[in-house]
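K.L.:
Okay, here's the structure, questions in a sec.
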Amino acid sequence: MTELNSAVGTLESEAQEERLDALIQQLEKYPEALGDYREWLNTFGINTDGMRTMGSAEATMSQLAKRMKHGRSWVEKGKQAMMNGLIAHMDHMSLQTLFGRMDGWNDSQEDVKPPKHYVEKVTHTVGHWTQKNLPCLHGKSGIPVHHALKALQGF
0 MTELNSAVGT LESEAQEERL DALIQQLEKY PEALGDYREW LNTFGINTDG MRTMGSAEAT
60 MSQLAKRMKH GRSWVEKGKQ AMMNGLIAHM DHMSLQTLFG RMDGWNDSQE DVKPPKHYVE
120 KVTHTVGHWT QKNLPCLHGK SGIPVHHALK ALQGF
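Residue 94 in numbering that gives the first Met the number 0 sits at position 95 of the sequence shown; the count goes up by one each step and never skips.
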């Protein structure tokens, strides 16, 4: 609050000064909004060891919201299950699933790529298989479908 009060009179426009004054008045009405939520949880006997500060928690929630949404709509049950999974993974907690309990998380980031000759062999095998099973490849080579399929070669 001291920092906000010291900013009064230093802003560029009258509108900004009015907005700052309104913010200060609102925060003075609700002083508990500036307190640490962990102290509030401690009063209820909840252990807050390892919990993050509010700024960190807000950033984490922002990341969760971004990862959850990505332009998709979610069914409430699916959203809740995904949130439980993400939170359990981030906090290294155990997770109860339909298939049992998962107590450990594998956080290794090993990126295993197949050998190049294997990828080339699969490409050739798939190419031979599709040539005989897709009739459009036996037709004219100037049609758009032929160009599209040729462009996908190697995927």
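Glycine is no exception: its CB is placed at the ideal position from the N, C-alpha and C atoms. A quick note: this is a predicted structure, and the numbers were derived from the prediction, not measured.
1) Name the residue from I45, E31 and Y36 whose alpha carbon lies nearest to the alpha carbon of A56.
2) Does the separation of the CB atoms of L10 and E16 fall below 7 angstroms?
3) If we ignore side chains and look at the alpha-carbon of each, how far apart do L3 and W39 end up?
4) For the beta strand (DSSP E) that contains L94, what are its first and last residues?
5) Helix or strand or just coil, what does DSSP make of R157?
6) Quick one: what does DSSP say G84 is sitting in, helix, strand or coil?
P.N.:
Quick look at the numbers:
1) Y36
2) yes
3) 24 angstroms
4) L94 to T96
5) Summary: the structure shown does not reach residue 157, with the chain confined to residues 0 through 154, and so no result is reported for it.
6) helix
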